[in-house]
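Engineer: Below you will find the structure I want to go over with you.
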Amino acid sequence: MNDSCFGTPGAVQHFPSWKIKSDQVKKIEFIRIGDKLKNQLVNIEKDKNILLFNKKSDFRMEYCTLEELEHQLTKNRKAEKARIQEKLIRIHNNVKGLQRQLKDVKPTPEFVDRLREMMEEVEMAINAFKEEQRQIYEELMREEKTATKELNALEGKMERWASGASSRGTSYKQGLLPVDKELQSRLPKEVIELERFLQQTGGRQGGWDEYDHQNFLKILTKHKGKPSYINEALDFLPDRTREDIQQHEKWYQEFQILEARKKEAIQKWKIRKQQQREKMFAQKDESEEMFTAAQLQREEAHRQKAEEGRRKTLAELEAWKRQKAIAYAVKQAAQLQEKEEKEKRKQKERQRQFQIKLLLVDYNRQKKEQEELLRLEKEKREEAEREEKKKIAAEEIIKFQERDLQKLELKILEKQAKEEEKIEKEKRLSRLKEKVEINITRDPHRLYKTTKVWEERTKEIGPLGSEPFLHIPHRAVPTWRQGL
Numbered sequence: 217m218n219d220s221c222f223g224t225p226g227a228v229q230h231f232p233s234w235k236i237k238s239d240q241v242k243k244i245e246f247i248r249i250g251d252k253l254k255n256q257l258v259n260i261e262k263d264k265n266i267l268l269f270n271k272k273s274d275f276r277m278e279y280c281t282l283e284e285l286e287h288q289l290t291k292n293r294k295a296e297k298a299r300i301q302e303k304l305i306r307i308h309n310n311v312k313g314l315q316r317q318l319k320d321v322k323p324t325p326e327f328v329d330r331l332r333e334m335m336e337e338v339e340m341a342i343n344a345f346k347e348e349q350r351q352i353y354e355e356l357m358r359e360e361k362t363a364t365k366e367l368n369a370l371e372g373k374m375e376r377w378a379s380g381a382s383s384r385g386t387s388y389k390q391g392l393l394p395v396d397k398e399l400q401s402r403l404p405k406e407v408i409e410l411e412r413f414l415q416q417t418g419g420r421q422g423g424w425d426e427y428d429h430q431n432f433l434k435i436l437t438k439h440k441g442k443p444s445y446i447n448e449a450l451d452f453l454p455d456r457t458r459e460d461i462q463q464h465e466k467w468y469q470e471f472q473i474l475e476a477r478k479k480e481a482i483q484k485w486k487i488r489k490q491q492q493r494e495k496m497f498a499q500k501d502e503s504e505e506m507f508t509a510a511q512l513q514r515e516e517a518h519r520q521k522a523e524e525g526r527r528k529t530l531a532e533l534e535a536w537k538r539q540k541a542i543a544y545a546v547k548q549a550a551q552l553q554e555k556e557e558k559e560k561r562k563q564k565e566r567q568r569q570f571q572i573k574l575l576l577v578d579y580n581r582q583k584k585e586q587e588e589l590l591r592l593e594k595e596k597r598e599e600a601e602r603e604e605k606k607k608i609a610a611e612e613i614i615k616f617q618e619r620d621l622q623k624l625e626l627k628i629l630e631k632q633a634k635e636e637e638k639i640e641k642e643k644r645l646s647r648l649k650e651k652v653e654i655n656i657t658r659d660p661h662r663l664y665k666t667t668k669v670w671e672e673r674t675k676e677i678g679p680l681g682s683e684p685f686l687h688i689p690h691r692a693v694p695t696w697r698q699g700l
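In our numbering, each number is its position in the sequence shown, counted from 1, plus 216.
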């Protein structure tokens, strides 16, 4: 079936053509995107070096630590990349060696053992590499979580700095904002509302001490805000009444609303500041780009006439080279793909034949073992049957011998009895002969006379014998017919 599918030359050439073209387009697009990202990375690195690592910068001493750390990380990353590539090359060489061994399959136990050892070695190398990468990934995840927590803490500090929550050398009551009209004019309205609410209601605990407020929050969270939490809160807060707890709950709900508004306002303020900063950088970049563009335009105007013809010629030559390269790449890819497909089919066929040979060897071995087992069982069964027949035959022979011996004894006894009877009869006849004298006359004609029995049978039956029977005598009359 495979031969019929790939036997037509037109089908072979037509199938990979569109596929290779699409793959080639994807490769070109991937390379173009990679070059674009690489250029962007180079530009970002330049900007970073200009802004952070400039020797004329006021924060040069502070950025030296970052520069050293970056160099160390870059060095470690390159070393790790080289080490991973070395391991991958080693694994690739092992796999190629296994493939070369599979090209020449020999159905021998030594070859199978060697293949098994090579497969186990490759599998162990791959598993060890995966385990090492997994551990590295988990370590990086832990470091990322730690860095995220540190960034969140720094971001919280920056938010507090932006909202004016820092003390500036004077300790204020928790949750209260110092009276500064200029600062309040710069803060968002939601922040001022929250601070005013906290000033009026007694801070971030609503006038309660921290212990009672924390117990209240635990019980409220445990019951998920259901009214049933009040009974448990009264047990934990004996000095608070039901009205105090309900009033504190209303205060806490309003505090949460104002806190959410404050966070949203700060987030909007951060976004607005970021947009302003980006706009400022964009304007700066735009002015620099405009200046650079004007300068380049002037230079380009001087070179344009001289290079126009050369550029056109180079473009045509490049297009021709690109077309030839694409055609050659398509042809090479088609040949390579066809060669790989043939090699894969051959390898699959060799592997299938090898598996079939192994299965046949295993099947023949099992069949021989089964036949040998059946033969041994049959021999044991026949031997047992022969022993049983011998035993039964011996018993029967003994019985037959005993019976024949009994019959022989009976015959001997009968014969002796007959002889004794004959002797006794002869003795009795001899005695009778001695006592009686017998005179018998011979009459040969008596043989032709009818006997008495025959005479009785030939007698004629009288008239009574010819009459029909009117009554048949029976032995007895049944009880149910008696009297009828």
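Positions of the beta carbon are idealized from the N, C-alpha and C atoms, including for glycine.
1. Would you decide whether glutamine 421 is buried or exposed? Buried here means 16 or more other CB atoms lie within 10 Å of its CB.
2. Looking at C-beta atoms only, is the number of pairs between the region 445-458 and the region 325-343 that lie closer than 8 angstroms three or more?
3. Between leucine 739 and methionine 335, is the Cβ-Cβ spacing less than 8 angstroms?
4. Is isoleucine 260 helix, strand or coil by DSSP?
5. Between which two residues does the alpha helix (DSSP H) carrying alanine 363 extend?
6. In chain order, what residues of the same chain have a beta carbon less than 7 angstroms from the beta carbon of leucine 318, not counting five sequence neighbours either side?
7. Just the C-alpha distance for glutamine 468 and leucine 436, rounded to the nearest angstrom, thanks.
8. Considering only C-alpha positions, which residue in the set Phe471, Gln490, Glu556, Ala541 is nearest to glutamate 406?
9. Around the Cβ of lysine 442, are there at least 16 other Cβ atoms within 10 angstroms (buried) or fewer (exposed)?
10. Whose C-alpha, out of Glu409, Ala543, Leu433, is nearest the C-alpha of arginine 477?
11. Could you tell me whether the region 454-468 touches the region 424-436, using the rule of 3 or more Cβ pairs below 8 angstroms?
12. Could you check the C-alpha separation between serine 646 and glutamate 625 for me, to the nearest Å?
13. What are the boundary residues of the alpha helix (DSSP H) that includes glutamine 430?
14. So, with DSSP's three-state summary, where would you put serine 444?
15. Would you mind giving the Cβ-Cβ distance between valine 546 and isoleucine 236, rounded to the nearest angstrom? I have them listed as a contact below 8 angstroms.
16. Across the region 532-550 and the region 280-300, are there enough close Cβ pairs to call them in contact, namely three or more that are closer than 8 angstroms?
17. Which residue's Cα is closest to the Cα of glutamate 348: Glu296, Val669, Leu433?
18. Measuring alpha carbon to alpha carbon, tell me which of Ala378, Pro325, Ala363, Thr666 ends up nearest lysine 489.
19. Can you tell me which of Leu285, Thr667, Phe570 puts its alpha carbon nearest to the alpha carbon of isoleucine 322?
20. How should glutamate 603 be labelled, buried or exposed, when 16 other C-beta atoms within 10 angstroms of its C-beta is the threshold for buried?
21. With distances taken between CB atoms, is the gap from isoleucine 473 to glutamate 375 smaller than 8 angstroms?
22. Buried or exposed: which applies to glutamate 701, given that a residue is buried once 16 or more other Cβ atoms fall within 10 Å of its Cβ?
23. With 16 other CB atoms within 10 Å as the buried threshold, where does leucine 414 fall?
24. Just curious, the alpha helix (DSSP H) that leucine 410 is in, first and last residue?
Structural biologist: According to the structure shown:
1. buried
2. no
3. For the chain, the structure presents residues 217 to 700; residue 739 sits outside this window and is missing.
4. helix
5. 325-378
6. Gln563, Arg566, Gln567
7. According to the sequence provided, residue 468 is tyrosine. The question's glutamine does not apply to it. Rounded to whole angstroms, tyrosine 468 to leucine 436 spans 11 angstroms at the Cα level.
8. Phe471
9. exposed
10. Glu409
11. yes
12. 31 angstroms
13. 426-438
14. coil
15. 5 angstroms
16. no
17. Glu296
18. Ala378
19. Looking at the sequence provided, one finds lysine at residue 322 rather than isoleucine. For the residues Leu285, Thr667, Phe570, the minimum Cα distance to lysine 322 belongs to Phe570.
20. exposed
21. no
22. The shown model of the chain, from 217 to 700, leaves out residue 701, and the question about it has no answer.
23. buried
24. 405-417
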